[in-house]
Amino acid sequence: MKRILTIVGARPQFIKAAAISHAIRDMRDEVKEDILHTGQHYDDAMSAQFFRELDIPQPRYNLGVGSGSHGAQTALMLKGIEDVLQKEHYDGVLVYGDTNSTLAGALAAVKLHVPVFHVEAGLRSYNREMPEEVNRVLTDHVSSLLFAPTDTAVQNLRKEGFDERGIVFSGDVMLDNVRHYAPHQNTTEKGERPCILATVHRDFNTDHPERLKNILTALCDVAEKHNCDVLFPVHPRTRKRLESMDDAPISGRIKMMAPLSYLETLAAVQRSVLVMTDSGGLQKEAFFCGRCCVVLRPETEWTEIVDCGAALLADADAEKIVDAADKLWDNIPCQPTQFGDGRAAVKIVKNITSFLLYK
Ligand code: UD1
Numbered sequence: 005m006k007r008i009l010t011i012v013g014a015r016p017q018f019i020k021a022a023a024i025s026h027a028i029r030d031m032r033d034e035v036k037e038d039i040l041h042t043g044q045h046y047d048d049a050m051s052a053q054f055f056r057e058l059d060i061p062q063p064r065y066n067l068g069v070g071s072g073s074h075g076a077q078t079a080l081m082l083k084g085i086e087d088v089l090q091k092e093h094y095d096g097v098l099v100y101g102d103t104n105s106t107l108a109g110a111l112a113a114v115k116l117h118v119p120v121f122h123v124e125a126g127l128r129s130y131n132r133e134m135p136e137e138v139n140r141v142l143t144d145h146v147s148s149l150l151f152a153p154t155d156t157a158v159q160n161l162r163k164e165g166f167d168e169r170g171i172v173f174s175g176d177v178m179l180d181n182v183r184h185y186a187p188h189q190n191t192t193e194k195g196e197r198p199c200i201l202a203t204v205h206r207d208f209n210t211d212h213p214e215r216l217k218n219i220l221t222a223l224c225d226v227a228e229k230h231n232c233d234v235l236f237p238v239h240p241r242t243r244k245r246l247e248s249m250d251d252a253p254i255s256g257r258i259k260m261m262a263p264l265s266y267l268e269t270l271a272a273v274q275r276s277v278l279v280m281t282d283s284g285g286l287q288k289e290a291f292f293c294g295r296c297c298v299v300l301r302p303e304t305e306w307t308e309i310v311d312c313g314a315a316l317l318a319d320a321d322a323e324k325i326v327d328a329a330d331k332l333w334d335n336i337p338c339q340p341t342q343f344g345d346g347r348a349a350v351k352i353v354k355n356i357t358s359f360l361l362y363k
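Position 317 of the sequence shown, counting from 1, maps to 321 under this note's numbering, and the rest follow consecutively.
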């Protein structure tokens, strides 16, 4: 029996870990998983509600690290994870995506010679000012198995000279989740006003008042122009910034609300005509649910979605955002073919098990 430690800490990781945890449970004779939660996200709406809703096993460890500067937060995680890895024997460590929790888990493990498995490897924005880009590049470079969700991710890894034996095209576990959880009908009620789902949480948008203001101005304009509502679940960081701003553009059409659960998010995507976001995960969820997306960033790691015309990059430029919304309004995007077959989790767990048994 092989034992792996899954390290999570932030909202998108709980969602990805759910798919893998369910696959691990189906292979419980060969592999057993413990979960370590760094505590990077800690509000109920950002953390515990995902464990309840997606039936993720309770973390065996919660480091309770909380918020802080990148250095301080990552340092506390490194120390806490190292303590756990020294106390218990694990055959491998599983990390997801590109957050500070990902980097801390990968670094603590590799220094203790525990193999690292990276889910969502090979993604690149080629913008090193994003903390996520630094986290994902470094994590890839210390991982034994690199689970690439798309062919572009595989090519990125090849370009960087990774050992071919470590690269696995797995497909995207978020597609597994959408296929499993998304109700198959359009949930817009007849007579209901059309709506847009919008989210903003990236530091380069929230921590620059001008950018945040431009985005909100554009949301108000689009809502007015298309006679629709904007569902706007607000990340705690964004809420704090908006509360301290005395000239934030407002409109009765912008419906601010607490962060949604995973199932509520999928339902909101399906209710919406269009999604506008700076989140990587939500760009994909929109695409998988057949919705177009205005990306509130200058670039994206998910280039396939832009290349097939289902998303437009509009950055935080009010004019570009309104223009992109006009172009994508009511557009039905192509079917996702580049993200695997919706069975990525099983493939990932099988590869990990073979690696541990036969390496
Ligand atoms: C982190 C990830 C980002 C991911 C995002 C998903 C890093 C560098 N960034 O960004 O890649 O897209 O998670 O949401 O790891 N806060 C609360 N309650 C919480 C969590 C956060 O109030 O439960 C507030 C705090 O003021 C905190 C701020 O949000 O300082 C930012 O949280 P943090 O975990 O540093 O990064 P995210 O912006 O959530």
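The C-beta atom is built at its ideal place from N, Cα and C for all residues, glycine as well.
Legend entry - Spatial neighbours of asparagine 209 in its chain, beta-carbon cut-off 7 Å, leaving aside the 5 residues before and after: Arg215, Leu216, Ile219, Asp282, Leu300, Ala320
Inset, instruction - Find out if the Cβ-Cβ distance for the pair isoleucine 356, phenylalanine 121 is shorter than 8 Å. - result: yes
Legend entry - proline 261 classed as buried or exposed, judged by whether at least 16 other C-beta atoms fall within 10 angstroms: In the sequence as presented, proline is not what sits at residue 261; that position holds methionine. It is exposed - the Cβ of methionine 261 has fewer than 16 other Cβ atoms within 10 Å.
Inset, instruction - Assess, as a yes-or-no matter, whether the stretch 111-126 is touched by the stretch 141-160 under the definition of 3 or more beta carbon pairs within less than 8 Å. - result: yes
Inset, instruction - Would you decide whether histidine 93 is buried or exposed? Buried here means 16 or more other CB atoms lie within 10 Å of its CB. - result: exposed
Legend entry - Closer than 5 Å: residues whose CB approaches a heavy atom of the ligand UD1: Ala14, Arg15, Gln44, His45, Tyr46, Asp47, Met50, Ser71, Thr103, Asn104, Pro135, Glu136, Pro240, Arg241
Legend entry - Contact belief for aspartate 38 with arginine 64 at Cβ below 8 Å, rounded distance in angstroms: 4 Å
Legend entry - aspartate 311 to proline 302 span [Cα, whole Å]: 15 Å
Inset, instruction - Compute the distance between the beta-carbons of proline 153 and glycine 170, then report whether it is under 8 Å. - result: no
Legend entry - valine 298 versus aspartate 330: straight-line alpha-carbon distance, rounded: 10 Å
Inset, instruction - Note the first and the last residue of the continuous beta strand (DSSP E) segment covering lysine 363. - result: Per DSSP, lysine 363 belongs to no beta strand (DSSP E) and is neither H nor E.
Inset, instruction - Specify, as a first and last residue, the run of the alpha helix (DSSP H) that leucine 264 falls within. - result: Per DSSP, leucine 264 belongs to no alpha helix (DSSP H) and is neither H nor E.
Inset, instruction - Taking proline 108 as the reference, give the member of Met134, Asp95, Val204, Gln77 with the closest Cα. - result: In the sequence on display, residue 108 carries alanine and not proline. The option with the nearest alpha carbon to alanine 108 is Gln77.
Inset, instruction - Buried or exposed for cysteine 338, please, with buried defined as at least 16 other CB atoms from any protein chain shown within 10 angstroms of its CB. - result: exposed
Inset, instruction - Could you tell me whether the stretch 194-203 touches the stretch 231-249, where touching means 3 or more Cβ pairs closer than 8 Å? - result: yes
Inset, instruction - Please report the residue range of the alpha helix (DSSP H) in which histidine 433 lies. - result: Because residue 433 is not part of the residues shown, which for the chain are 5 to 363, the question remains open.
Legend entry - Touching by the beta-carbon criterion (3+ pairs, under 8 Å), the stretch 99-114 and the stretch 130-147: yes
Legend entry - Under 8 Å between C-beta atoms of arginine 128 and glutamate 305: yes
Legend entry - cysteine 224 versus proline 198: straight-line alpha-carbon distance, rounded: 14 Å
Legend entry - Beta carbon of aspartate 95 nearer than 8 Å to that of arginine 7: yes
Legend entry - Beta-bridge partners of methionine 260, as assigned by DSSP: Phe236
Inset, instruction - Enumerate in chain order the residues of its own chain whose CB-to-CB distance from proline 16 is below 7 Å, with the five nearest sequence positions on each side excluded. - result: Gly101, Gly285
Legend entry - Pairwise C-alpha distance: proline 213 and aspartate 207: 11 Å
Inset, instruction - Evaluate the contact criterion for the stretch 243-256 versus the stretch 155-167: three or more CB pairs, one atom per stretch, below 8 Å. - result: no
Inset, instruction - Report the three-state DSSP secondary structure of tyrosine 185 (helix, strand or coil). - result: helix
Inset, instruction - Provide the residue(s) that pair with valine 37 in DSSP beta bridges, ordered along the chain. - result: The question names valine, but residue 37 in the sequence shown is glutamate. BP columns for glutamate 37 point to Ile8.
Legend entry - As assigned by DSSP and simplified to three states, the class of cysteine 224: helix
Legend entry - threonine 42, DSSP secondary structure in three states: coil
Legend entry - Terminal residues of the alpha helix (DSSP H) in which leucine 300 lies: From DSSP, leucine 300 is part of no alpha helix (DSSP H); its letter is neither H nor E.
Legend entry - C-alpha gap between alanine 125 and phenylalanine 173, whole angstroms: 10 Å
Inset, instruction - Classify arginine 162 as buried or exposed, calling it buried when 16 or more other Cβ atoms lie within 10 Å of its own Cβ. - result: exposed
Inset, instruction - Measure the beta-carbon distance from proline 263 to histidine 230 and round it to whole angstroms, keeping in mind my assumption that it falls under 8 Å. - result: Their Cβ separation, rounded to whole angstroms, is 25 Å, which puts proline 263 and histidine 230 out of contact at 8 Å.
Inset, instruction - Give the secondary structure of asparagine 131 by DSSP, where H, G and I count as helix, E and B as strand, and everything else as coil. - result: coil
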